[in-house]
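Asks: Following this message is one structure expressed as structure tokens.
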Amino acid sequence: MIRIAVALGQLGWALSHWWKRQDQFAWFTSYLADRQLIEPSRIILALSAAMVTLVPVVVLIDADLTTSLLAMLIASIVVGSGLSLMWVLFPWPSPARSRAWVCVCDVTILVGSLAQYKTLGGLYGCAAFGLVGGYIAFFHGARLLAAHLVFSLASASAIAGFILADDGAATSSVAVGIIQAVLIGISIPVATQFLMEALASDAAAAELDTLTGVLNRRGLERALDRLNSMDPDNVHGLAMIVADLDNFKEINDRFGHRYGDRVLAEIATRLRATLGVSGVVSRIGGDEFVVADSLRWTEPMRLANQVLHTISTTSDPPVTASVGVVHLTGRLPGHRSLMTTVLFTDLADAAMYEAKRAGGDTVRTRSHDYGAAVTGDPSPSPRPTQWPH
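Quick note: the sequence shown uses this note's numbering, first residue 681, plus one each step.
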């Protein structure tokens, strides 16, 4: 009995901790982006939503439906198709749009299931709530998941009641359907979110800078390896940027370290937004940031000027930066150990120190072609008056 009491106490603490946890959409989106997994995630989410739409399609083909039920099925098919296409045709959603997507998914599944309320198919259709619950478990917090679970359980219970009242279906069959809906729609999402709690803690400790939430040096090293593996022949080239803040010590001395920490966190957030889902952002020193992106999506100077502009417009008084950018071209070495943070940052550091010697608040470029020497651009790269978008 003592062990049971201890276990119940630990479970109560875990549930309390889980309930207080904040929405994790921003963190998990950054987690995927840093690992170049946003585009694969789009495909998986689009296919998952499309699979849910197949259920009412099959019913529409085989069943003899009244006009109202037919309209409900068609509506669920149309909306479900839109929910799938959203992941393919539109930018990665904001947290608010993601929550709206969840709500529309829940209503669509309910409508599609109610259209089959005379058969066990309506009850089995409630299993689709499990897909939405899994999405919430990965991207959102406990409270949205709890609201979803209450909605899905109430929906399954209502449909079970309709089935029993309409044709007197076997109670055992309905009970089995309810159990399946609960196992798939409730148990799996809850277990997934508990697992995400452990994953978030481990990831933050291992690869994320605790102050800013972007990658630390170790995380950068792994992210660069993944970025390189996506283009092993370096067909498109790679841009690496080191940005060192020029007057950050003055900001700390004047306003205090707490304010300085907020500035660093805000710079990291804005750099992450500037890079979008394709690039990598990290903080590898006190006031030094590293940015990398495939040149499939951008140009070296365009990216460097965006970084310079982002930093200089973050705070008041403004913080400027010395920015060094390296354009890596040519076939990458086959030996992966060479593709490390040290190789990249050493090249970009040299360009950054040129910018700092020139007075800061500017960009210097270098290029590196494997098999050739490093070359420098001795002339300054002035900040443009109109920033590229």
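Think of the CB as a built atom: it goes at the ideal place given N, C-alpha and C, for glycine as much as any other residue. Here the structure is a predicted model, which is why all the values come from computation and not from measurement.
What are the residues that DSSP puts in a beta bridge with residue 924?
Replies: 968 and 1002
Asks: Using CA coordinates, which residue listed in 987, 953 and 982 is at the minimum distance from residue 773?
Replies: 953
Asks: Quick one, are the C-beta atoms of residue 869 and residue 821 less than 8 Å apart?
Replies: no
Asks: Using a Cβ-Cβ cutoff of less than 7 Å, which residues in the same chain neighbour residue 891 once the five nearest sequence positions on both sides are dropped?
Replies: 941, 944 and 945
Asks: Helix, strand or coil: which one does DSSP assign to residue 820?
Replies: coil
Asks: Exposed or buried, residue 866, counting other C-beta atoms within 10 Å across all chains shown (16 or more means buried)?
Replies: Counting every other CB atom within 10 Å of its CB across the protein chains shown gives residue 866 a total of 16 or more, marking it as buried.
Asks: Mind checking who residue 786 pairs with in its DSSP beta bridge?
Replies: Partner(s): none; residue 786 has no beta bridge.
Asks: Can you check DSSP and say which residues form a bridge with residue 714?
Replies: Residue 714 is not bridged to any residue.
Asks: Quick one: what does DSSP say residue 891 is sitting in, helix, strand or coil?
Replies: coil
Asks: Just checking my contact of residue 974 with residue 918 at CB under 8 Å: how many whole Å lie between their CB atoms?
Replies: 6 Å
Asks: According to DSSP, is residue 863 helix, strand or coil?
Replies: helix
Asks: Among the residues of its own chain, which have a CB less than 8 Å from the CB of residue 702, if the five just before and after it don't count?
Replies: 821
Asks: Write down the C-beta distance between residue 948 and residue 893 rounded to the nearest angstrom, noting that I regard them as a contact closer than 8 Å.
Replies: 6 Å
Asks: Which of helix, strand or coil does DSSP assign to residue 974?
Replies: strand
Asks: Of the choices 990, 983, 876 and 968, whose alpha-carbon is the least far from that of residue 1029?
Replies: 968
Asks: Do three or more CB pairs link the stretch 791-800 to the stretch 762-771 at distances below 8 Å?
Replies: The stretch 791-800 is not in contact with the stretch 762-771.
Asks: Between the alpha carbons of residue 707 and residue 904, how many angstroms are there, rounded?
Replies: 19 Å
Asks: Taking the C-alpha atoms as reference points, what is the distance between residue 1040 and residue 976?
Replies: Going by C-alpha positions, residue 1040 is about 29 Å away from residue 976.
Asks: Quick one: give me the first and last residue of the beta strand (DSSP E) that residue 960 is part of.
Replies: 960-963
Asks: Just tell me which of 872, 810, 988 and 863 has its CA closest to the CA of residue 817.
Replies: 872
Asks: Mark residue 724 as exposed unless 16 or more other C-beta atoms lie within 10 angstroms of its C-beta, in which case mark it buried.
Replies: Classification of residue 724: exposed, given that the 10 Å Cβ count is below 16.
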